[in-house]
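A short worksheet on the structure shown next.
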Amino acid sequence: MITWLRIAIGLLVLVAVTLVLLPIQLVGLRFDLKVRRYVPRLWHRVACRVLGIRVRVHGTLERSRPLMIAANHASWKDIMVLGSIADVVYIAKSEVRTWPVFGILARLQATIFVEREQRQKTGDQVDEIARRMTDGEIVVLFPEGTTSDGNRLLEIKSSLFGAAASAVPHAPEGVVHIQPVSIAYTGVHGMAMGRFHRPLAAWPGDIELLPHLLGIAREGAVDVDVDFGERVDYTRSSNRKEVSRTVGARIRAMLGARLRGR
90 MITWLRIAIG
100 LLVLVAVTLV
110 LLPIQLVGLR
120 FDLKVRRYVP
130 RLWHRVACRV
140 LGIRVRVHGT
150 LERSRPLMIA
160 ANHASWKDIM
170 VLGSIADVVY
180 IAKSEVRTWP
190 VFGILARLQA
200 TIFVEREQRQ
210 KTGDQVDEIA
220 RRMTDGEIVV
230 LFPEGTTSDG
240 NRLLEIKSSL
250 FGAAASAVPH
260 APEGVVHIQP
270 VSIAYTGVHG
280 MAMGRFHRPL
290 AAWPGDIELL
300 PHLLGIAREG
310 AVDVDVDFGE
320 RVDYTRSSNR
330 KEVSRTVGAR
340 IRAMLGARLR
350 GR
């Protein structure tokens, strides 16, 4: 009874905050005002608090621009976690646009939707990503291309770094900065979260969303550690596969160390 009461109160708080911030964000999107970049961070912070997600940050966000964040991807919660730390914009597959609730939230955050099957649109999509980065926005890329079980980093798809390569000619100094970031779900109710319990936090994709969402809400106490790694510079002479290997190695090292409790 107490659990459901807590969930109901949290939901009411989130709805109230949404109703306050929504008009501001809609105006920001309509007139492309910079305020649209800041409003989502406030919403994500409230959402994390409501769901009981405690975010611990290690390291610092890179100050240089243009900047792309490359992070491992275990769950839809990664969106809220990173969004609560920095003013970021995400790259997502086009299907997300039609998802209930999450599709609306993605559009409100000015997410860049990519249609992977329609190659004729690839150029325009990459150009948009490049434009957004050179305009000072921080673009988040999940280079695994899907969600994992939270226990490891899946294979990195080097093709997804094409957006960074496309932005290089437009960058003032001919360089795009890529910062590796690891997101590790490490605790529940103040106790270490082992491999067996990590699916509680992860969302591999074959689990129905609503039951998973309710499961997280019922727990109400999940710890996540976010590590910001050393940046990797992408220039005209950079090799995309080498850059992806370097970024992947740094994410894997940070994630592994954090999951082992180091």
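Numbering (this note's numbering), first residue to last: 90 to 351.
Heads up, the beta-carbon is just placed ideally off N, CA and C, and yes, glycines get one too.
These numbers were taken from a predicted model, which means no experiment stands behind them.
Residues sharing a beta bridge with residue i, DSSP
i	result
Y274	V313
I245	DSSP output for I245 lists no bridge partner at all.
F202	A181
A160	V270
V227	According to the sequence as given, residue 227 is Ile; it is not Val. Paired residues: L156 and V177.
M169	Paired residues: none, contrary to the question.
Residue nearest to residue i in terms of C-alpha spacing, selected from the options
i	options	result
K246	A195, A260, E331 and T200	E331
M222	N240, Y179 and G234	Y179
E244	E233, A253 and G251	E233
S237	P155, G279 and W292	W292
R241	A97, A342, R125 and R126	A342
Collapsed DSSP secondary structure at residue i in the structure displayed
i	result
T149	coil
T324	strand
R287	helix
M68	Beyond the ends of the chain as shown, which are 90 and 351, falls residue 68; an answer cannot be given.
R125	helix
Euclidean distance between Cα positions of residue i and residue j
i	j	result
A273	A260	32 Å
V116	K123	10 Å
R347	T275	8 Å
V215	L94	45 Å
T324	D224	18 Å
L140	A290	12 Å
F250	H162	16 Å
V321	V229	14 Å
T92	A256	48 Å
- Task: Quick one: which unbroken alpha helix (DSSP H) runs of 4-plus residues sit fully inside the stretch 247-271? Chain order, please.
- Result: The qualifying runs are 251-256.
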